[in-house]
Each structure stands twice: as structure tokens, then as C-alpha cells.
Amino acid sequence: MSKITFIGLGNMGLPMAKNLVAAGHDVTGFDLSDAAKTALTEAGGNAATTTTNTIAEAVAEAEIVFSMLPAGKHVSAVYTAADGVIANAPSGALLIDSSTIDVDTARAVSAAAEAAGFPMVDAPVSGGVGGAAAGTLTFMVGGAAQAFAAAKPVLDIMGQNIFHAGGSGNGQVAKICNNMLLGISMIGTAEAFKLGEKLGLDAQTLFDISSTASGQCWSMTSYCPAPGPVPTSPANNDYAAGFTAAMMLKDLLLAQEASASADAATPMGQRATELYTQMAEAGHAELDFSGIIRELG
Ligand code: NAD
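Going left to right, the sequence shown walks through residues 75 to 371 as this note's numbering numbers them.
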């Protein structure tokens, strides 16, 4: 049993923290929202339950600190502020940030942690809220081999596939490269089904042919944006998310930011970002990202 502090008990963090509680760990939660903290205590965890509680108090005895926060600026503040994790956790505690954030911030925060004597990994996830609740997330981990080895047993509680992607920040790199490809392949699949339909080819016939031919991809076979061929895909539920267009856009923007910083050419990633921006501006940000097929006209 380890003493674990979990910071950021939102849609993802709360079910992840609950799985740590269920596995017998001593979990203390911290969030800006009192309701989120109450939900953790109801699941058997401890929590800093009043609004006067601080991160310093939450991490005072931590052996491991997890975070699951919206963006880089929150991660940076939570770890590096004077009242944050690095200044207040016991020396040597293992720090694990599972938020999806920009690569540069992930590397800067890890460097600050390591300079202060804390091993740290970036460990973003895929698998969504369902995977968080079921403990079947995929973790993409960046950091030193020793820190990865120390993190793996706790990640195993919350996830099914745990990958060491290399040094600090590489977890974020893996995540944005994968999701950029997903965004592009979803748009490509949507275009093919839309074109087929306009030319008189029904979705099921195209699916039967293409899913066993060279156009085959996950966006088609597991998450088909056209209604019909894959019964579990959001297309059959009026594009209720799932993985929202807003979340896809967040990851595509992170990929564009990283492309600019690395001087990498990502013209399809750029176009996908533009198309998901249009979907969001049309008021459909909270629909599933496969709903991009309806934006194609
Ligand atoms: P969320 O908005 O539901 O939760 C974030 C939580 O962080 C909130 O409860 C908020 O109150 C808390 N928070 C914000 N700033 C804080 C601070 N300074 N101190 C303490 N708590 C603070 O978001 P989510 O859906 O749980 O996503 C969290 C991260 O996981 C994001 O980076 C997101 O991109 C990533 N992610 C989400 C999904 C998904 O399906 N929701 C899938 C994969 C990855």
C-alpha cells in the first residue's frame, strides 16, 4: 500500500483515483471543486474537504503524486508554484502527470522536478472515461527508465497497456502523434463514405469492401462515421460522444504547436485542425468527433 495524492478529480481523475482506492492504496484527493473531493471520500478515499485546504497539505505525506488536469498551465502551476507539489512533497516522491498537455511544458515541469530530486514521468492516456472507470486505459509514458519502473505497478491498476515511450515528454509526443493520425484518418474515412453515398454506393457495401481492402483503418472498422456498419459507433446514436470534437481539437492544436516547435511539416494535421475548428464554430464541439462526416455537406 502506498500513500498516493491525486490532484484533479474530474471526469477522468475521479474514476482513476477510485481504482487506486479499490486496490487498497491510501489515496488523498485534491481538486478545486468540493463536489469532486466529496465524490472521492464517498468512494473510501481521504480528501482535503474544505476549500481552505491546499496542495501543500494534500501532498505532505505522499509517496506518489498523480495529476489529471486540463492543460499545461494548470500542470505548471500545480507542480512549480511556491504552494505547489515540488516545494511541498516529501523529497524523492514519485510524480506522475497523466494530463494531456503540450510537450514543452511537460519537459519543463519534469526538469524542474528532477532538479529538486523528484523522479517524474509524463503519462497521458487514451481510453476515455469508460477506460478510466474500467481500469483499461492505455498509458504512454515519458521519463527515465527507473521512474517508469517505479510508476508501472500503479499504472497497471488503472490501465491495460502501459508503454515506455522514451525520455521526458515522449508520452505526450506519442499521444499527440496518435491522435493527430486519428483525426486525419477519421476525416479521410468520412470523406470516402460521403463520396460513396453521393455516387450511389451504400455505406454497408463500401464498408464490406474497404474494411478488407487497403483503405482499412480503425476509424472505419471500430468507429465508422457512417451509420450502419459498426453498431457500437456514435454514428448510430446521433453522434453522442464518445470522444468529443472539442477533445480532438485540443489534441490537434497541441500537435500543431509541437510541429511548429520541432519544425515538422504536418499539412494534413493542419487541415484536420481547420476542419475540427469549423465543426466547433458550427456549435458541434460537444458531439462525437466522428460527426465530422455531417460537416462535410
Ligand atoms: P475535467 O475538466 O473533467 O477535470 C479536470 C479537473 O481538474 C477538474 O475537476 C478541475 O476542477 C480540476 N482542476 C483544474 N485546475 C486545478 C488545480 N489548479 N488544482 C486542482 N484541481 C484542478 O477534465 P478530464 O476530462 O478529466 O480531463 C483531464 C485530462 O485528461 C485533460 O488533460 C484531458 O485532455 C485528458 N484526457 C481526457 C479524456 C476524456 O475522455 N475526458 C481522454 C483522454 C485524456
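We put the beta carbon where it would ideally sit given N, CA and C, even for glycine.
Item to check | Asn253 (DSSP reduced to helix, strand or coil) | outcome: The residue given as residue 253 occupies position 179 in the sequence shown. The answer is helix: DSSP assigns Asn253 an H, G or I state.
Next on the checklist: In chain order, what are the residue ranges of uninterrupted beta strand (DSSP E) at least 3 long that sit wholly in the stretch 104-141?
Outcome noted: You should have 138-141.
Item to check | Separation of Met142 from Thr126, as counted between CA atoms | outcome: Along the sequence shown, read from residue 1 onward, the residue named residue 126 stands at position 52. Along the sequence shown, read from residue 1 onward, the residue named residue 142 stands at position 68. Any reading at Thr126 must be qualified, since the residue scores a pLDDT of 40, below 50, and its modelled position is unreliable; the value itself is stated next. When rounded, the distance between both Cα atoms is 21 Å.
Checklist entry - Residue ranges of each alpha helix (DSSP H) run of no fewer than 4 residues wholly in the stretch 288-313, ordered along the chain? => result The stretch 288-313 is shown to contain whole alpha helix (DSSP H) runs of 4 or more residues at 292-295, in chain order.
Checklist entry - Do you know whose CA, among Met214, Asp108, Thr102, lies nearest Asp76's CA? => result Within the sequence shown, the letter at position 2 stands for residue 76. Note that residue 76 corresponds to Ser in the displayed sequence, not to Asp. Checked all of Met214, Asp108, Thr102; the closest Cα to Ser76 is Thr102.
Item to check | Ser200 - partner residues in DSSP beta bridges | outcome: For the purposes of this step, residue 200 is taken as the residue at position 126 of the sequence shown. Thr212.
Next on the checklist: Assuming Thr279 is part of the alpha helix (DSSP H), what are its boundary residues?
Outcome noted: What you label residue 279 is simply residue 205 of the sequence shown in a count that begins at 1. Note, Thr279: alpha helix (DSSP H), 277-284.
Item to check | According to DSSP, residues forming a beta bridge with Asn235 | outcome: Translated into the one-based positions of the sequence shown, residue 235 becomes position 161. Asn235 is bridged to Thr212.
Checklist entry - Any heavy atom of ligand 1 closer than 7 Å to the Cβ of Lys268? => result On the sequence shown, position 194 is the one that residue 268 refers to. The beta carbon of Lys268 sits no closer than 7 Å to any heavy atom of ligand 1.
Next on the checklist: On a Cα-Cα basis, can you pick out the residue from Ala287, Asp282, Gly289, Leu273 that is closest to Gly302?
Outcome noted: Sequence index remark: in the sequence shown, residue 302 carries index 228 (1-based). With distances taken between CA atoms, Gly302 lies nearest to Asp282 out of Ala287, Asp282, Gly289, Leu273.
Item to check | For Thr174 and Asp325, the rounded distance between their alpha carbons | outcome: Numbered from 1 along the sequence shown, position 251 holds the residue referred to as residue 325. Numbered from 1 along the sequence shown, position 100 holds the residue referred to as residue 174. Their Cα atoms are separated by approximately 8 Å.
Next on the checklist: When you measure from the CB of Asn85 to every non-hydrogen atom of ligand 1, does any distance come out below 7 Å?
Outcome noted: Walking along the sequence shown from the start, residue 85 turns up at place 11. Asn85 Cβ: within cutoff of ligand 1.
Checklist entry - Can you tell me where the beta strand (DSSP E) with Thr79 in it begins and where it stops? => result Position 5 of the sequence shown, counting from 1, holds the residue named residue 79. Its beta strand (DSSP E) spans residues 77-81.
Checklist entry - Which residues in the same chain have their Cβ closer than 6 Å to the Cβ of Gly108, if we skip the five residues on either side of it in sequence? => result The residue you call residue 108 lines up with position 34 of the sequence shown. Correcting the residue type first, residue 108 is Asp in the shown sequence and not Gly. When the five nearest sequence neighbours on each side are left out, no beta carbon in the same chain lies closer than 6 Å to the beta carbon of Asp108.
Checklist entry - Does the stretch 213-220 come close enough to the stretch 229-245 to have 3 or more Cβ pairs within less than 8 Å? => result Contact holds: three or more Cβ-Cβ distances are below 8 Å.
Checklist entry - Going by alpha carbons, who is nearest to Pro227 out of Ala329, Gly274, Ile170, Gly158? => result Reading the sequence shown from its first residue, position 153 is the one you call residue 227. Of the candidates Ala329, Gly274, Ile170, Gly158, the one whose C-alpha sits nearest the C-alpha of Pro227 is Ile170.
Next on the checklist: The beta strand (DSSP E) that contains Leu168, what's its start and end?
Outcome noted: For the purposes of this step, residue 168 is taken as residue 94 along the sequence shown, with counting starting at 1. Note, Leu168: beta strand (DSSP E), 168-171.
Item to check | Host alpha helix (DSSP H) of Met322 (start-end) | outcome: As a working note, residue 322 is residue 248 in the sequence shown. Going by DSSP, Met322 is part of the alpha helix (DSSP H) stretching over 319-336.
Next on the checklist: If I measure Cβ to Cβ from Ala314 and keep anything under 8 Å in the same chain, skipping five residues before and after, which residues do I get?
Outcome noted: Locating residue 314 in the sequence shown gives position 240, counting from the first residue. The beta carbon of Ala314 sits closer than 8 Å to the beta carbons of Pro308, Leu361, Asp362 from its chain, once the five residues preceding and following it are set aside; these are given in chain order.
Checklist entry - What is the residue span of the alpha helix (DSSP H) that Ser150 lies within? => result Counted from its first residue, the sequence shown places residue 150 at position 76. It spans 146-154 - the alpha helix (DSSP H) in which Ser150 sits, taken as one unbroken run.
Next on the checklist: Under 8 Å, with one C-beta from each stretch per pair, do the stretch 136-150 and the stretch 180-200 reach the 3-pair mark?
Outcome noted: Flag = yes, the stretch 136-150 and the stretch 180-200 touch.
Checklist entry - Is Asp362 near ligand 1, going by C-beta to nearest heavy atom under 7 Å? => result Looking up residue 362 in the sequence shown gives position 288. For ligand 1, not one heavy atom lies less than 7 Å from the Cβ of Asp362.
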